[in-house]
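Here is the structure we will look at.
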Amino acid sequence: MSKINSVALPLADLAALMASDELTAESLLLECLTRIDEKDGALNAFVTVYRDAALASARRLDKERSAGQVRGPLHGIPIAIKDLADIEGDITGFGSRIYSTRPAKTTAPFVQQLEEAGMVIVGKTQMVEFAFGSWGTNSVLGAPRNPRMPDDYYIAGGSSSGSAVAVAADMVPAAIGSDTGGSVRIPAALCGTVGLKTSYGSVPVDGVAALSPSFDTIGPLTHHLDDARLIFAAMRRPELERETFKGVSKIIRIPSRSELEPIDPEIYAAFERSLAVLSEIGMADRPLELPRGFADYQTDTGAIMAWEAYGSLGDTVNEPDVAIDPAVRTRIRAASAMDEGTYLELIASRQAAIAKVEDVLGEDEVILLPTTPFPACRLSDVDETIFPMSRLTRFANYFDLCAVSLPVATTKAGLPIGTQICARRNREDLAISVAKRLQKRLRQPGST
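Quick note, in the UniProt record's numbering, the sequence shown goes up one by one and the last residue is 448.
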């Protein structure tokens, strides 16, 4: 196996190799650690690597397998965790330096569930400070570098920047991020990975540093769609019913080009190609009839996020001597000009919209649209006063949808392009099913 990049293989293939004794959890982890040693100095994806603890875990899992005790399809698979989830005894940095003396007393339940499923926690990944930003920048700890453009410094997208980079650079087979307004899907799109925005409440957020309790969700970033499905199944709340696969979606809701503008022409062309492919396999497109525009939902979601972040972080961001990323400080402090009545009106409007989601999207329908309107840019070109990358993602958080971003193309310059497929709450199975059909067709020679 030494000549094969095991880290990029589908998790089911890795499980099969372990079952046939062609690979061990320890050897796979050592491959990850070697890649981290070789690459992360330039890419800055990791905050912490649990080298000794991970090796001990991998060896223990190998002994379990030898004894016939296999926990499931994720037994022995390495994974990285965004640095906003508690792991007992370690600092939960939240993309900041202000928590450097507060080790966690317990481990977040979703991390415990991954460990119980047999996953090996490799380390914690970098992120935008307090998870409030879609560019992927962090002036305090440094911005992770997009591995798809090795000769220049391109952004990875945020806020789960380090998780996307760790997967895209083949340092780990999978990583965990959070999605409050697009923070899993945006870096997945910009780095060319799969990113799953799970339904609100489907994965427990206990032990996770909160940006916005109204929107915060946990989701995986992976190389392959089935990998995201497997990891989500391991993390989801036990009381939720198992995936039911109620049928194949035959209707795609799509926005018009005018609703997507401004948008990069290459990204729009990739979106059109994805639509054509799904049409070829029998899916009918219908207009997406949102009551308001994407920018309106982006604004309202951002206002709720800022208000809730200000409630927990206001004293910190108002302290001028505390070293905080200036852009993040500005975003959170914007809520100081908003009153509680406005916040409550925004919450009520959102709840009314969620209650009428069937007017937007049927039970077995999906929405297809670009994940981001633009590809990754150079770090030096970032304008922290604008937020174009989240314009097409936040509406899914607003309407409490689930969504998966998958890589569908690259620009002429070699930058990844992502398309997202959204479905109703708790229909991750439907979104992933359509995404798999799209991806399979795109990979076939001679497809549209």
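For each residue, glycine too, the CB sits at the ideal point set by N, CA and C.
Keep in mind that this is a model prediction, so the values were computed, not measured.
Residue span of the beta strand (DSSP E) that contains residue i, given as start and end
| i | result |
| --- | --- |
| GLU428 | Careful: GLU428 lies outside any beta strand (DSSP E), inside the alpha helix (DSSP H) at 428 to 442. |
| GLN420 | 416 to 423 |
| THR410 | 402 to 410 |
| ALA174 | 174 to 178 |
| residue 449 | A question about residue 449 goes unanswered here, because the residues of the chain that appear run from 1 up to 448. |
| THR222 | 218 to 222 |
| ILE267 | Note, ILE267: premise wrong, no beta strand (DSSP E); alpha helix (DSSP H) at 265 to 280. |
| LEU196 | 194 to 197 |
| GLY162 | No beta strand (DSSP E) contains GLY162, which is instead part of the alpha helix (DSSP H) from 161 to 168. |
Assigned exposure category for residue i - 16 Cβ within 10 Å defines buried
| i | result |
| --- | --- |
| ASP83 | buried |
| LYS124 | buried |
| THR342 | exposed |
| SER134 | buried |
| ASP40 | buried |
| GLY208 | Here residue 208 turns out to be Val, not Gly, going by the sequence shown. With 16 or more other Cβ atoms within 10 Å, it is buried. |
| THR371 | buried |
| VAL434 | buried |
| ALA56 | exposed |
| PRO287 | exposed |
For residue j and residue i, the rounded distance between their alpha carbons
| i | j | result |
| --- | --- | --- |
| LEU275 | CYS402 | 19 angstroms |
| THR222 | VAL317 | 34 angstroms |
| ALA15 | SER258 | 46 angstroms |
| THR419 | GLY68 | 41 angstroms |
| ASP321 | GLY136 | 24 angstroms |
| ALA334 | ALA306 | 7 angstroms |
| LEU225 | ALA309 | 32 angstroms |
| GLU430 | CYS422 | Here the sequence assigns Leu to residue 430, which means Glu is not the residue at that position. Cα to Cα, LEU430 sits roughly 9 angstroms from CYS422. |
| ARG236 | THR106 | 19 angstroms |
| PHE130 | ASP383 | 19 angstroms |
| VAL70 | ASP152 | 43 angstroms |
Sequence-distant residues of the same chain with beta carbon closer than 8 angstroms to residue i, five excluded per side
| i | result |
| --- | --- |
| ILE347 | SER214 and ILE304 |
| GLU428 | LEU196, THR198, SER199, SER202, ARG229, PHE232, GLU243, CYS402 and VAL404 |
| PRO375 | LEU190, ASP264, GLU266, ILE267, THR411, ALA413, LEU415, PRO416 and ILE417 |
Spatial neighbours of residue i in its chain, beta-carbon cut-off 7 angstroms, leaving aside the 5 residues before and after
| i | result |
| --- | --- |
| LEU442 | VAL277 and VAL408 |
| ASP285 | ILE252, ILE254, LEU275 and SER279 |
| ALA12 | PRO73 and ASP226 |
| ALA295 | ARG391 |
| SER447 | In this prediction, SER447 has a pLDDT of 48, which is less than 50 and means its spatial position is unreliable; what the coordinates show is noted afterwards. These residues qualify, in order along the chain: VAL277 and ARG441. |
| LYS250 | GLY282, MET283 and ALA284 |
Residue i - containing alpha helix (DSSP H), residue span
| i | result |
| --- | --- |
| ALA53 | 51 to 66 |
| LYS39 | 25 to 43 |
| ILE386 | First-last for ILE386: undefined, no H or E at that position. |
| LEU379 | No alpha helix (DSSP H) holds LEU379; DSSP gives it neither H nor E. |
| ARG257 | 257 to 260 |
| ILE186 | 185 to 191 |
| THR116 | Per the sequence shown, the amino acid found at residue 116 is Glu instead of Thr. Here the alpha helix (DSSP H) through GLU116 covers 109 to 116. |
| VAL317 | 294 to 317 |
| LEU17 | 11 to 19 |
| ILE324 | First-last for ILE324: undefined, no H or E at that position. |
Same chain, Cβ closer than 6 angstroms to residue i, neighbours up to 5 away in sequence not counted
| i | result |
| --- | --- |
| ASP179 | LYS197, THR217 and GLY219 |
| MET18 | GLY76 |
Query raised in the report: Can we say the region 165 to 174 touches the region 386 to 406, given the rule of at least three CB pairs closer than 8 angstroms?
Result: Per the Cβ contact rule, the region 165 to 174 is not in contact with the region 386 to 406 (fewer than 3 Cβ pairs under 8 angstroms).
Query raised in the report: If we count Cβ pairs, one from each stretch, closer than 8 angstroms, do we get three or more for the region 87 to 99 versus the region 15 to 27?
Result: Flag = no, the region 87 to 99 and the region 15 to 27 do not touch.
Query raised in the report: Are the region 111 to 119 and the region 67 to 81 in contact at 8 angstroms, needing three or more beta carbon pairs?
Result: Segments in contact, yes.
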